[in-house]
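Each residue of the sequence shown is one higher than the one before, starting from 0 at the first, in numbering that gives the first Met the number 0.
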Amino acid sequence: MEAFHYTKGSEEVQCEVCPNRCILSPGDRSVCRSKVNIGGKLYSLAYGNPCSVHVDPIEKKPLNHFYPATPIFSVATTGCNFRCLNCQNWEISQRKPEEVRYYELFPSDVVMAAKKANAPSIAYTYSEAITYYEYMYDTSKLARDAGLKNVLVSNGYINKKPLLELSKYLDAANINLKSFENRLYLTLNGGTLWPVLNTFKTLHREGVWFEITTLVVPTYLDDPDMIRRMCGWILEELGPDYPLHFLRFFPQYKLTRLPPTPIKTMEQFRNLALKEGIHYVYLGNVPGHEGCHTYCHNCGKILIERKGYILGQFNLERDRCSFCNTKIPGRYV
Numbered sequence: 000m001e002a003f004h005y006t007k008g009s010e011e012v013q014c015e016v017c018p019n020r021c022i023l024s025p026g027d028r029s030v031c032r033s034k035v036n037i038g039g040k041l042y043s044l045a046y047g048n049p050c051s052v053h054v055d056p057i058e059k060k061p062l063n064h065f066y067p068a069t070p071i072f073s074v075a076t077t078g079c080n081f082r083c084l085n086c087q088n089w090e091i092s093q094r095k096p097e098e099v100r101y102y103e104l105f106p107s108d109v110v111m112a113a114k115k116a117n118a119p120s121i122a123y124t125y126s127e128a129i130t131y132y133e134y135m136y137d138t139s140k141l142a143r144d145a146g147l148k149n150v151l152v153s154n155g156y157i158n159k160k161p162l163l164e165l166s167k168y169l170d171a172a173n174i175n176l177k178s179f180e181n182r183l184y185l186t187l188n189g190g191t192l193w194p195v196l197n198t199f200k201t202l203h204r205e206g207v208w209f210e211i212t213t214l215v216v217p218t219y220l221d222d223p224d225m226i227r228r229m230c231g232w233i234l235e236e237l238g239p240d241y242p243l244h245f246l247r248f249f250p251q252y253k254l255t256r257l258p259p260t261p262i263k264t265m266e267q268f269r270n271l272a273l274k275e276g277i278h279y280v281y282l283g284n285v286p287g288h289e290g291c292h293t294y295c296h297n298c299g300k301i302l303i304e305r306k307g308y309i310l311g312q313f314n315l316e317r318d319r320c321s322f323c324n325t326k327i328p329g330r331y332v
């Protein structure tokens, strides 16, 4: 499949999907490993061959304010435009498409499979959806026509033009804000901060619902001052209503020497973000913790109780608190 969003030279091509802007001579492979220059044209090798296909609970993305308790059809190919030292899906994100067993599922097949699974939404997830942009874009158009919702789960490292084109078909996103310091982005992830912040601002302007995820990595992302600055930026640029998820780190990939994030640190960051003024702050990878539940930002009562991915109490009337009638931000049935 010929790629979208690239420029041609005499023989070289430059991919314009993400800020890496890979310049490739014939035969060269992109940073994400998913694209190659063949005869002076850029091709996607990920199109129609996902390596991971599952039906998940929507809360796994994580999305807590987007059609709670519904299933979501999840699809991924190999590849990523980052090199995160702590990657939990490195077996597929750091591989070439031809190195992993895959299914042949073209966009129409994905939509058909989602409908057969009675899933109202499709998630582009697990590895890095931006690396299979063409596949995601074509699938999302067909999904929209079929009455399905589209969800992007991503590191947010994408250029503005392709994001604007994709946003026309997106209903929700979970974007991973991996740090709030450019130095840490370079060290831990192999990218930069500002393009990710621009992604948040673009999604906000385009009216796409999103939730923010930050993995709390010990010795890297455990500075309260950085979290305070991050919350300040969110409040100033995006407002208080987009949920913020702090995820507990467990030793992974190239950071197996580190311990899991202390629960005390997780609680400290949640309390800090709430105190700063963010209305909905969650803890992830700590099942059963009170920080997993949704509380009304007005009256403080439990709206949605979560035990892992299983919901208990559900005190919402459409998009309003059952106790005080406050409108709860998000998208609900």
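Using N, Cα and C, we set each Cβ at its ideal position, and we do this for glycine too.
Can you check which of these residues, the options, is closest to residue i by C-alpha distance?
{"i": "N117", "options": "K34, L282 and T69", "result": "T69"}
{"i": "Y125", "options": "A272, N88 and E210", "result": "N88"}
{"i": "K356", "options": "K115, L62, N324 and D170", "result": "No information on residue 356 is available, as it lies outside the stretch 0 to 332 that the chain covers here."}
{"i": "V332", "options": "F322, D318, T264 and Y184", "result": "D318"}
{"i": "Y131", "options": "I37, C14, A75 and E90", "result": "A75"}
{"i": "Q93", "options": "C31, V54 and D144", "result": "C31"}
{"i": "Q251", "options": "C83, G287 and D27", "result": "C83"}
{"i": "G38", "options": "P61, E11, K60 and L62", "result": "E11"}
{"i": "G287", "options": "G8, R182 and I262", "result": "I262"}
{"i": "E58", "options": "N314, C291, I327 and C323", "result": "C291"}
{"i": "G78", "options": "F72, K60 and E90", "result": "E90"}
{"i": "Y279", "options": "L62, G8 and L183", "result": "L62"}
{"i": "K172", "options": "L183, P161, N181 and S153", "result": "Note that residue 172 corresponds to Ala in the displayed sequence, not to Lys. Looking at the Cα atoms, S153 is the closest of the given residues."}
So residue i packs on residue j, CB below 8 Å; how close in whole Å?
{"i": "T212", "j": "L176", "result": "7 Å"}
{"i": "A128", "j": "I121", "result": "Contact doesn't hold; Cβ gap of about 11 Å is too wide."}
{"i": "E133", "j": "Y46", "result": "6 Å"}
{"i": "F209", "j": "L220", "result": "Contact doesn't hold; Cβ gap of about 20 Å is too wide."}
{"i": "P217", "j": "P258", "result": "6 Å"}
{"i": "L282", "j": "T293", "result": "That belief does not hold up - the Cβ atoms of L282 and T293 are roughly 12 Å apart, past 8 Å."}
{"i": "Y308", "j": "P56", "result": "4 Å"}
{"i": "L310", "j": "E304", "result": "7 Å"}
{"i": "H64", "j": "G299", "result": "In fact, because the Cβ distance is near 17 Å, the residues do not count as touching under 8 Å."}
For residue i, write down the residues that DSSP places opposite it in a beta bridge.
{"i": "E316", "result": "R319"}
{"i": "K148", "result": "S120"}
{"i": "H53", "result": "S73"}
{"i": "Q13", "result": "T6 and I22"}
{"i": "F245", "result": "T213 and L282"}
{"i": "A172", "result": "L151 and F209"}
{"i": "K34", "result": "S43"}
{"i": "T293", "result": "I303"}
{"i": "E310", "result": "Going by the sequence as given, residue 310 is Leu instead of Glu. BP columns for L310 point to R305."}
{"i": "E1", "result": "Y42"}
{"i": "R330", "result": "F65"}
{"i": "R28", "result": "V35"}
Looking only at its own chain, which residues have a Cβ that is under 7 Å from the Cβ of residue i, when we skip the five neighbours before and after it?
{"i": "Y42", "result": "M0, E1, A2, K34 and V35"}
{"i": "P119", "result": "Y66, T69, L147 and K148"}
{"i": "N158", "result": "E15, V16, C17 and P18"}
{"i": "M111", "result": "none"}
{"i": "K7", "result": "G39"}
I'd like to check one pair, residue j with residue i: are the Cβ atoms closer than 7 Å?
{"i": "V109", "j": "T138", "result": "yes"}
{"i": "S29", "j": "C17", "result": "no"}
{"i": "T260", "j": "V215", "result": "yes"}
{"i": "M229", "j": "F179", "result": "yes"}
{"i": "F249", "j": "F268", "result": "no"}
{"i": "N284", "j": "R247", "result": "yes"}
{"i": "G276", "j": "P239", "result": "yes"}
{"i": "N80", "j": "N149", "result": "no"}
{"i": "L271", "j": "I226", "result": "yes"}
{"i": "P96", "j": "L44", "result": "yes"}
{"i": "Y123", "j": "L151", "result": "yes"}
{"i": "N85", "j": "L254", "result": "yes"}
{"i": "C295", "j": "T264", "result": "no"}
{"i": "R143", "j": "Y168", "result": "yes"}
{"i": "K200", "j": "E236", "result": "yes"}
Spatial neighbours of residue i within its chain, please: C-beta separation below 6 Å, excluding the five flanking residues on both sides.
{"i": "G155", "result": "I174, V195 and T198"}
{"i": "N188", "result": "F81, C83 and K177"}
{"i": "F72", "result": "V54, A113, A116, A118 and I121"}
{"i": "S321", "result": "N314"}
{"i": "Y184", "result": "S178, G190, T191 and L192"}
Using a threshold of 6 Å, is the CB atom of residue i nearer than that to any non-hydrogen atom of the ligand GDP?
{"i": "Y279", "result": "The ligand GDP is absent from the structure shown, which contains no ligands of any kind."}
Note down, in chain order, each residue of its chain lying with its Cβ closer than 8 Å to the Cβ of residue i, except the 5 sequence neighbours on either side.
{"i": "Y102", "result": "N48, P49, C50 and V52"}
{"i": "L23", "result": "E11, V12, Q13, C14, S29, K34, V35, N36 and L41"}
{"i": "P418", "result": "Residue 418 lies beyond the range of the chain shown here (0 to 332); nothing can be said about it."}
{"i": "W232", "result": "F179 and L196"}
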